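My numbering puts the first residue of the sequence shown at 818, with every later residue one more than the last. Below is one structure; the comments refer to it alone.
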Amino acid sequence: MRLRITPATFRRVGNEKEQFKILIVDDRPDNLVALRALLAELKHTVIEANSGKEALRILLQGEIDLILLDVNMPVMDGFETARLIRQRTPASALPILFVSAREPSAADIKQGYSLGAVDYITKPVVPEVLRAKVSALLDLQHRSKLLEKAVQERSAELATLNERAARLRESMGELEAFSYSVSHDLRSPVRAIQGFAQTLDEEEGAKLSADGKDYLRRIISSSQRLDKMITDVLAYSRMDVEPMTRTRLEVEPLVLAVIEQNPNLQSPRAEIELQRPLLNAVGHEASFTQCISNLLGNAVKFVAPGVIPRVKIWTEAVNGAVRICLKDNGIGIAPEHQQRIFQAFERLNTDYEGTGFGLAITRQAVQRMGGEFGVESEPGKGSLFWIELPKA
Ligand code: ADP
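And the structure:
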């Protein structure tokens, strides 16, 4: 059963008639009788002890919720008894209410509190005051036990959750290792198909019929596509395991390097405009380059036929972070698809080449760099992809 501590729980506790065990300790039988009579109205179980020694013996036998302890007793006085009790039971588990024949002095109070006494009451005892103090202490005691129980339950739940998370991490690690080795092993036969098909085209292509040439072309392009998929799966499965050291990212030169290395990102195939200066960030350089390359690749790919891709890149300072924005003039993305495109294998439009891994890799990389990744888009009005990373 789950126990939740709420204000309602406390109210319920206060209203319920709980049975508690009160130990009254006094060397004088008439005092014990009087205390018992005064407490009768509260309808708790009252146990008597006529000495400190007897009190300790009773405490060993079972759980007591509150002790009313006479300060002035022969042989072992109240303070000595309290000291021995505290050696075994902390104040949080067992409150002590000292009953004293005179107003306690400052020294008494100091000594009492150092022994974990919760309160004092002086003789002659005023019945209402005694009952009010006892009820308040028992109520507090009960609440603290409830809290303790709740904390224990929460800790047990937390331990179970941690255990589950560890098991999950283990199976994810195994899955990653599995996909890594499968992809790795797939790569060489695919490369062989690609290589032999290309050699066949170059050396024997002239002897083939038009149909034969077409089949060969399809073999080559399919094996290239498979090779790209394997590369992406490898990058995706490696992303979580490879160490990622974060350094200062010189955003502008890194973006320019991506553009320079890819003719599809250059004029006349595409117009990419940087709104300088670009703010610098903190992240992992290779992963950041991979993210920009994926986003720019998509931005120039997903345009309507005949449209020259135009991309604007700028940065904004947002709450101690740097937001790197890429706005394209592409086909846009409907709101209902804007979340699922970040999952692996998700592609909205098969008219365009792709593996469905680019955004999943980017999301994972940004997450590992401690950043955020998002999109704003409308069909026909282009898309704005942004990455937020800590400021340099
Ligand atoms: P891929 O580009 O290999 O298909 P991604 O994971 O990079 O895979 O993208 C997933 C899908 O999100 C794409 O197939 C496409 O439908 C959509 N998408 C991504 N970027 C854009 C963009 N700039 N404009 C329009 N659609 C996009």
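We put the beta carbon where it would ideally sit given N, CA and C, even for glycine. Fair warning: this is a prediction, and the values are worked out from it, not measured in the lab.
**Request:** Tell me whether the beta-carbon of residue 1073 lies closer than 8 Å to the beta-carbon of residue 1100.
**Result:** The sequence position of residue 1073 within the sequence shown is 256, counting from 1. The sequence position of residue 1100 within the sequence shown is 283, counting from 1. Contact: no.
**Asked** Any heavy atom of the ligand ADP closer than 7 Å to the CB of residue 995?
**Response** In the sequence shown, residue 995 corresponds to position 178, counting from 1. Residue 995: no, Cβ never under 7 Å from the ligand ADP.
**Message:** With a threshold of 6 Å on Cβ separation, who are the neighbours of residue 1193 within its own chain once the five nearest residues in sequence on each side are excluded?
**Reply:** Working through the sequence shown from its first residue, we reach residue 1193 at position 376. 1201.
**Prompt:** For the ligand PLP, any of its heavy atoms closer than 7 Å to the Cβ of residue 1145?
**Reply:** What this structure holds is the ligand ADP, not the ligand PLP.
**Item:** Closest Cα partner of residue 885 within the set 1131, 1079, 873
**Value:** Here residue 885 is taken as the residue at index 68 of the sequence shown, counted from 1. Looking at the Cα atoms, 873 is the closest of the given residues.
**Request:** Spell out a yes or no on whether the segment 1117-1133 and the segment 1076-1087 are touching, meaning 3 or more CB-CB pairs, one atom from each, closer than 8 Å.
**Result:** As far as the Cβ criterion goes, the segment 1117-1133 touches the segment 1076-1087, which means the pair count is three or higher.
**Item:** Cα-Cα separation, residue 963 to residue 972
**Value:** What you label residue 963 is simply residue 146 of the sequence shown in a count that begins at 1. What you label residue 972 is simply residue 155 of the sequence shown in a count that begins at 1. One C-alpha to the other measures close to 14 Å.
**Prompt:** By the 10 Å Cβ neighbour count, where 16 or more other Cβ atoms means buried, how is residue 1013 classified, buried or exposed?
**Reply:** Stepping through the sequence shown from its first residue, residue 1013 is reached at position 196. It is exposed - the Cβ of residue 1013 has fewer than 16 other Cβ atoms within 10 Å.
**Message:** Taking the straight line between their C-alpha atoms, what separation do you get for residue 1063 and residue 1139?
**Reply:** For the purposes of this step, residue 1063 is identified with residue 246 of the sequence shown, where counting begins at 1. For the purposes of this step, residue 1139 is identified with residue 322 of the sequence shown, where counting begins at 1. Distance between residue 1063 and residue 1139, taken at the CA atoms: about 15 Å.
**For residue 1094 and residue 1173, the rounded distance between their alpha carbons** = Stepping through the sequence shown from its first residue, residue 1173 is reached at position 356. Stepping through the sequence shown from its first residue, residue 1094 is reached at position 277. Using only the alpha carbons, I get a separation of about 32 Å.
**Asked** Closer than 7 Å: is that where the CB of residue 1190 sits relative to any heavy atom of the ligand ADP?
**Response** Within the sequence shown, the letter at position 373 stands for residue 1190. For the ligand ADP, not one heavy atom lies less than 7 Å from the Cβ of residue 1190.
**Item:** Per-residue DSSP class, three states only, for residue 961
**Value:** The residue given as residue 961 occupies position 144 in the sequence shown. In this structure, residue 961 counts as helix in the three-state DSSP scheme.
**Prompt:** Which residues does DSSP pair with residue 839 in a beta bridge?
**Reply:** Within the sequence shown, numbered from 1, the residue matching residue 839 stands at position 22. Paired residue(s): 863, 883.
**Item:** Span of the beta strand (DSSP E), counted from its first residue to its last, around residue 1029
**Value:** The residue labelled residue 1029 in the question sits at position 212 within the sequence shown. According to the DSSP assignment, residue 1029 belongs to no beta strand (DSSP E) but to the alpha helix (DSSP H) extending over 1027-1056.
**Request:** Measure the beta-carbon distance from residue 936 to residue 887 and round it to whole angstroms, keeping in mind my assumption that it falls under 8 Å.
**Result:** The residue you call residue 936 lines up with position 119 of the sequence shown. The residue you call residue 887 lines up with position 70 of the sequence shown. Actually they do not touch by this definition, with Cβ atoms about 14 Å apart.
**Request:** Would you tell me roughly how many angstroms separate the C-alpha atoms of residue 1031 and residue 1146, rounded to the nearest one?
**Result:** Counting from one through the sequence shown, the residue named residue 1031 turns up at place 214. Counting from one through the sequence shown, the residue named residue 1146 turns up at place 329. Distance between the alpha carbons of residue 1031 and residue 1146 is about 34 Å.
**Prompt:** Who pairs with residue 1145 in a beta bridge, going by DSSP?
**Reply:** Here residue 1145 is taken as the residue at index 328 of the sequence shown, counted from 1. Bridge partners of residue 1145: 1128.
**Item:** Cα-Cα separation between residue 1182 and residue 1056, rounded to whole angstroms
**Value:** Here residue 1182 corresponds to residue number 365 of the sequence shown, with the count starting at 1. Here residue 1056 corresponds to residue number 239 of the sequence shown, with the count starting at 1. A straight line joining the alpha-carbon of residue 1182 with that of residue 1056 spans about 7 Å.
**Prompt:** In whole angstroms, what separates the C-alpha of residue 956 from that of residue 879?
**Reply:** Numbered from its first residue, the sequence shown carries residue 956 at position 139. Numbered from its first residue, the sequence shown carries residue 879 at position 62. In a straight line, the C-alpha of residue 956 is about 20 Å away from that of residue 879.
**Message:** Which complete beta strand (DSSP E) runs does the segment 1065-1117 hold, if anything under 3 residues is left out?
**Reply:** 1088-1091, 1098-1100
**Prompt:** Touch check for the segment 999-1014 and the segment 1027-1044: three-plus C-beta pairs under 8 Å?
**Reply:** yes
**Request:** To the nearest angstrom, report how far apart residue 1006 and residue 1198 are at their CA atoms.
**Result:** Within the sequence shown, the letter at position 189 stands for residue 1006. Within the sequence shown, the letter at position 381 stands for residue 1198. Rounded to the nearest angstrom, the two C-alpha atoms are 42 Å apart.
**Message:** Taking the beta carbon of residue 1135 as the centre, do at least 16 other beta carbons fall within 10 Å, making it buried, or is it exposed?
**Reply:** In the sequence shown, counting from the first residue as 1, residue 1135 sits at position 318. It counts as exposed.
**Prompt:** Thinking C-alpha only, which one of 855, 931, 986, 1207 is nearest residue 949?
**Reply:** Sequence index remark: in the sequence shown, residue 949 carries index 132 (1-based). Of 855, 931, 986, 1207, the residue nearest in Cα terms is 855.
**Request:** Flag this pair as touching only if the segment 921-932 and the segment 972-981 have three or more C-beta atom pairs under 8 Å; answer yes or no.
**Result:** no
**Asked** Assuming residue 938 and residue 883 make a contact with CB atoms under 8 Å, what is their CB distance in whole Å?
**Response** Numbered from 1 along the sequence shown, position 121 holds the residue referred to as residue 938. Numbered from 1 along the sequence shown, position 66 holds the residue referred to as residue 883. Going by Cβ atoms, the distance from residue 938 to residue 883 rounds to 12 Å, so no, they are not a contact pair.
**Item:** DSSP beta-bridge partners of residue 1140
**Value:** If you number the sequence shown from 1, residue 1140 lands on position 323. According to DSSP, residue 1140 bridges with 1133, 1205.
**Request:** State yes or no: is the C-beta of residue 1029 nearer than 7 Å to some heavy atom of the ligand ADP?
**Result:** In the sequence shown, residue 1029 corresponds to position 212, counting from 1. Checking every heavy atom of the ligand ADP against the Cβ of residue 1029, none is found closer than 7 Å.
**Request:** Return yes when at least one heavy atom of the ligand ADP lies under 7 Å from the C-beta of residue 1200, else no.
**Result:** The sequence position of residue 1200 within the sequence shown is 383, counting from 1. Result yes, Cβ under 7 Å from the ligand ADP.
**Message:** Could you check whether residue 929 and residue 893 sit closer than 8 Å to each other, using their CB atoms as the reference points?
**Reply:** On the sequence shown, position 76 is the one that residue 893 refers to. On the sequence shown, position 112 is the one that residue 929 refers to. With respect to residue 929, residue 893 sits apart: the two C-beta atoms are not nearer than 8 Å.
**Message:** Which of the three DSSP states is assigned to residue 830 in this structure?
**Reply:** Along the sequence shown, read from residue 1 onward, the residue named residue 830 stands at position 13. At residue 830, the pLDDT of 42 sits below 50, so the modelled position is not reliable and the matter cannot be decided from this model.
**Prompt:** Could you give the distance in angstroms between the alpha-carbon of residue 1083 and the alpha-carbon of residue 1130?
**Reply:** Numbered from 1 along the sequence shown, position 266 holds the residue referred to as residue 1083. Numbered from 1 along the sequence shown, position 313 holds the residue referred to as residue 1130. Cα to Cα, the separation comes out at about 14 Å.
**Asked** If you count every other CB in all the chains shown that lies within 10 Å of the CB of residue 1128, and 16 or more means buried, which is it?
**Response** Residue mapping note: residue 1128 aligns to position 311 of the sequence shown, counting from 1. Classification of residue 1128: buried, given that the 10 Å Cβ count is 16 or more.
**Message:** Taking a contact to mean a Cβ-Cβ separation below 8 Å, would you say residue 1143 touches residue 1106 in this structure?
**Reply:** Mapped onto the sequence shown, residue 1143 falls at position 326. Mapped onto the sequence shown, residue 1106 falls at position 289. The answer is no: Cβ separation not under 8 Å.
**Asked** On the three-state DSSP scale, how would you describe residue 1175?
**Response** Sequence index remark: in the sequence shown, residue 1175 carries index 358 (1-based). Reduced to three states, the DSSP call for residue 1175 is helix.
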